[in-house]
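See structure below.
Numbering (this note's numbering), first residue to last: 377 to 702.
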């Protein structure tokens, strides 16, 4: 009788244990010296539960992490938290045209703009903080540092460094937010179809060229919005920089209360060799300041926003209720 009772209690205990919900980790640490949970950031990302409904923080200790990092669509709610951006660096050097060993994910034997990234964020509801993300390929053509496909991506206190095509906010309908970031590059170094808000960011041009190349669709009301930012030149050799040109005909880019240094061209905007774009783009400013704020000399097809219309440009309005870092 005792043996039967013991067997019954054992089965009951197993049943109760199996019924308990599994607890998944909400924190990981990455350290190259082996003192954390993982030595690479990719290993930590891979360890996050697929389709996680809780935020998972991956703390990254200082070091240069030479990785081609991917947060895939089935990994979401991930926070990559660097200890400090000066010494916590994710670095790679792929570029469009670089030979690929075999074929890339598109079946091509060479990297393209879309596969040249150092970091790809395809999952939604992810955050990056206190990191440097760089593409070190140099002035060899398109070479993306940060490529974002996911929705509701928030980036704070990060340095994003490259040359051509540094930051690709790719997906139509996606919402991307950048705060207190430094973004540097040469040609079209902030580009894509997403709605992207830049708050208190430093935008640094390395050579004479174009800052933005939005590809906003006709269905999307807002493209790129720069709020209280600074447009700066890397050195005195940079003297002729355009605010933007349209990668697609309905490009939308707005600068509000932004400081523009003397390297910004008086006309401000370029039609990408197609006058037809002038009737479809929306390029605008409000409250520009600094030696590059030639408001009266801008191209005739650009706009100056009226103060009464600024109510359209709030985070809540633009992001349709999403509040970054809340």
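No residue lacks a Cβ here, since even glycine has one placed at the ideal position from N, Cα and C.
Residue i classed as buried or exposed, judged by whether at least 16 other C-beta atoms fall within 10 angstroms
| i | result |
| --- | --- |
| residue 440 | exposed |
| residue 393 | Because the pLDDT at residue 393 is just 48, under 50, the model does not fix this residue reliably, and the value given afterwards should be weighed accordingly. Classification of residue 393: exposed, given that the 10 Å Cβ count is below 16. |
| residue 581 | buried |
| residue 699 | exposed |
| residue 652 | exposed |
| residue 477 | exposed |
| residue 688 | exposed |
| residue 532 | buried |
| residue 702 | exposed |
| residue 424 | buried |
| residue 518 | buried |
| residue 445 | buried |
| residue 696 | exposed |
Integer Cβ distance of residue i from residue j, believed to fall under 8 Å
| i | j | result |
| --- | --- | --- |
| residue 431 | residue 499 | Contact flag wrong, Cβ pair sits at about 12 Å. |
| residue 590 | residue 600 | 5 Å |
| residue 584 | residue 614 | 6 Å |
| residue 663 | residue 636 | That pair is no contact at about 11 Å. |
| residue 544 | residue 567 | 6 Å |
| residue 456 | residue 522 | Not really, about 11 Å apart at Cβ, beyond 8 Å. |
| residue 646 | residue 670 | Contact flag wrong, Cβ pair sits at about 15 Å. |
| residue 654 | residue 677 | 4 Å |
| residue 642 | residue 673 | 4 Å |
| residue 640 | residue 607 | 6 Å |
DSSP three-state assignment for residue i, whether helix, strand or coil
| i | result |
| --- | --- |
| residue 459 | coil |
| residue 490 | helix |
| residue 655 | helix |
| residue 520 | coil |
| residue 535 | strand |
| residue 681 | coil |
| residue 418 | helix |
| residue 687 | helix |
| residue 399 | coil |
| residue 550 | coil |
| residue 700 | coil |
| residue 377 | Per-residue confidence for residue 377 stands at a pLDDT of 47, beneath the threshold of 50, marking its modelled position as unreliable; no derived number is given. |
| residue 505 | strand |
| residue 408 | coil |
| residue 661 | strand |
| residue 385 | Any answer about residue 385 is weak, because its pLDDT of 49 lies below 50 and its placement is not dependable; what the coordinates show is given next. Helix. |
Residue j beta carbon less than 7 Å from that of residue i
| i | j | result |
| --- | --- | --- |
| residue 412 | residue 406 | yes |
| residue 622 | residue 675 | no |
| residue 588 | residue 620 | yes |
| residue 577 | residue 598 | no |
| residue 472 | residue 489 | yes |
| residue 497 | residue 529 | yes |
| residue 616 | residue 592 | no |
| residue 571 | residue 605 | no |
| residue 535 | residue 551 | no |
| residue 459 | residue 437 | yes |
| residue 370 | residue 453 | The structure shown does not extend to residue 370, since the chain is modelled only from 377 to 702, so the question has no answer here. |
| residue 433 | residue 398 | no |
| How do the stretch 463-475 and the stretch 501-513 stand: do at least 3 beta-carbon pairs fall below 8 Å, yes or no? | yes
| Counting Cβ pairs, one atom from each stretch, are 3 or more of them under 8 Å apart for the stretch 557-569 and the stretch 535-543? | yes
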